[in-house]
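**Student:**
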Amino acid sequence: MSGDLFNPLDKKYFKQVLFEELEIKKRMGELAFEISRDCENKQVVIVGILKGSFMFFSDLVKLLYIHDIHPYIDFMILSSYGSSTVSSGTVQLIKDITTPIEGTFVILVDDILDTGRTLSFARTHLSKLKPEQIKICVFLDKPSRRIVEIKADYSCFTIEDWFVVGYGLDWNNRFRNLPYVAVVNEQNLPGP
Ligand code: IMP
Ligand code: MG
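Note that this note's numbering has the sequence shown beginning at 62, numbered continuously upward.
Rendered as structure tokens:
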């Protein structure tokens, strides 16, 4: 954390805004409706992977409320990227869930499905606790980057192989609070 003048809203850090706030809101409404249909008559547990899922997760559970779905809520902290834009390839469990999930309908939520390592690790980990089903729900899907075989059951948008920030997604732990999604201009980002 430095005392520099880094301003995450500076346009020079972005190549383009990919999804505006309103577009995200509209798509989120559709996604919540889709998910709510599958949740009927189920004991639902929603597990968010921190930190990236926090904004998507929060908006999603509020929309599920409108559809009369009132899930148990829990979080895992997993780490895979460190501070760069290149995956380290290994996933570490830093914080586990505490909610019992045996026999429940689990929705595993993350910001983005990229190589698939993180969600694959999380799914394998949770499946040992014997839920009835685990669904994968992501805000963004980058299928061209997949290394591990895994598919999203629910996703808001599919994107090309771009490094994006905002709506929970970060670069070096910055830009998470942007209410829109932007493609970063890596050449203009400050050094470490
Ligand atoms: P995985 O490669 O599917 O395991 O994704 C691991 C994590 O990488 C995600 O949860 C994100 O936190 C991060 N990540 C992958 N692609 C991007 C991106 O374009 N922007 C910001 N974070 C990303
Ligand atoms: Mg991240």
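For glycine and all other residues, C-beta sits at the position ideal for the given N, C-alpha and C.
Taking C-alpha atoms, which residue in Tyr133, Ile168, Val108 and Lys189 lies nearest to Lys156?
**Tutor:** Cα-wise, what sits closest to Lys156 is Val108.
**Student:** For Ile138, count neighbouring Cβ atoms within 10 angstroms of its own Cβ and tell me buried if that reaches 16, exposed if not.
**Tutor:** When all chains shown are included, Ile138 counts as exposed.
**Student:** According to the Cβ coordinates, are Val199 and Ala183 closer than 9 Å?
**Tutor:** Not closer than 9 Å, so no.
**Student:** Rounded to a whole number of angstroms, what is the C-alpha to C-alpha distance between Thr151 and Gly177?
**Tutor:** Whole-angstrom Cα-Cα distance: 11 Å.
**Student:** Taking 8 Å as the line, does the beta carbon of Gly109 fall inside it for any heavy atom of the ligand IMP?
**Tutor:** No, the ligand IMP has no heavy atom inside 8 Å of this Cβ.
**Student:** By how many angstroms is the C-alpha of Val244 removed from the C-alpha of Leu224?
**Tutor:** Contrary to the premise, residue 224 reads as Phe rather than Leu in this sequence. When rounded, the distance between both Cα atoms is 6 Å.
**Student:** When the Cα of Phe94 is compared with those of Asn246, Cys217 and Asn68, which residue comes out closest?
**Tutor:** Residue Cys217 is the option with its Cα nearest to Phe94.
**Student:** How is the alpha helix (DSSP H) around Asp99 delimited, first residue to last?
**Tutor:** Residues Glu82 to Cys100.
**Student:** Opposite Asp135 in the DSSP bridges: which residues?
**Tutor:** DSSP, once it has assigned bridges, lists Val108 as partnering Asp135.
**Student:** Pull up the DSSP beta-bridge partners for Thr219, would you.
**Tutor:** DSSP, once it has assigned bridges, lists Asp202 as partnering Thr219.
**Student:** Among the candidates Glu91, Pro161 and Thr159, whose CA atom is the shortest distance from the CA of Ile127?
**Tutor:** Checking every option, the nearest Cα to that of Ile127 belongs to Glu91.
**Student:** Give the DSSP-derived three-state secondary structure of Asp171 in the structure shown.
**Tutor:** Three-state DSSP puts Asp171 in a strand.
**Student:** Please determine whether the Cβ atom of Arg178 lies at a distance below 8 Å from any heavy atom of the ligand IMP.
**Tutor:** Correct: Arg178 has its Cβ closer than 8 Å to the ligand IMP.
**Student:** Is Phe117 helix, strand or coil when you go by DSSP?
**Tutor:** Helix, per DSSP.
**Student:** Have a look at the DSSP bridge pairing and note the partners of Arg235.
**Tutor:** Answer is Trp232.
**Student:** If you reduce the DSSP assignment to three classes, tell me which class Ala213 lands in.
**Tutor:** In this structure, Ala213 counts as coil in the three-state DSSP scheme.
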